[in-house]
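These notes concern the structure reproduced below.
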Amino acid sequence: MSNDHEILADRLNAEPAIFKGCSSSELGMIVGLAIVIWLPLSLLLAWLLGAITMGFGIAGVGVVATVVALATLFQRIKRGRPEGYYQQWLRIRLQTMGLYRTPWVLRSGSWDIGRTHYAPLPTRNR
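This note's numbering applies: residue 128 is where the sequence shown begins, and numbers increase by one.
Structure (structure tokens):
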């Protein structure tokens, strides 16, 4: 018995969209970021109110709301743009702020070979 049918997912070039145009890795990043922010914040708030267990409920609602809000934002950013657009945009933005160095040439203008008219030529070793 031969397997004439290939599974389409084996031939994808990019991760498929899972929720609101976000892939599973993007959703994982959003969920992780939301947990890191909401869990300590909600536990502190619940501790101040005197009901620690309520903090986990607040964190759960906050994480879900953050995932929906950021997925909607990513959906708007990615609409009509090529694959990987916002990753490149973020890396370029971080370089302009001096927080990250991109491997791309971002300078525009005229280029030359860097020699002047009076520069001596190097001697050849034979």
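Don't be surprised by glycine CBs; every beta carbon is placed ideally from N, CA and C.
Just so we're clear, the structure is a prediction, and the values are computed from it rather than from any experiment.
Please go through the same chain and pick out, in chain order, the residues whose beta-carbon is closer than 7 Å to the beta-carbon of E142, but skip the five residues on each side of it.
Spatial neighbours of E142 in its own chain (CB-CB distance under 7 Å, excluding positions within 5 residues in sequence) are listed in chain order as S150, S151 and S152.
So is L197 buried or exposed if we call it buried at 16+ other beta carbons inside 10 Å?
L197 is buried by the Cβ-count criterion.
Checking the sheet assignment: what are the DSSP bridge partners for F146?
Answer by DSSP bridge pairing, in chain order: C149.
Option nearest V195 by Cα separation, candidates S237, L154 and R206:
Taking only the C-alpha atoms, the option nearest V195 is L154.
Roughly how many whole angstroms lie between the Cα atoms of V188 and I204?
Using only the alpha carbons, I get a separation of about 24 Å.
Note the first and the last residue of the continuous alpha helix (DSSP H) segment covering L177.
Sequence inspection shows Gly at residue 177; the Leu mentioned does not correspond to that position. Going by DSSP, G177 is part of no alpha helix (DSSP H) at all; its letter is neither H nor E.
Whole-number beta carbon distance between I185 and L172, since they are thought to touch under 8 Å:
By a beta-carbon distance limit of 8 Å, L172 contacts I185. Their separation comes to about 6 Å.
Would you call S169 buried or exposed, if buried means 16 or more other Cβ atoms sit within 10 Å of its Cβ?
Classification for S169: buried.
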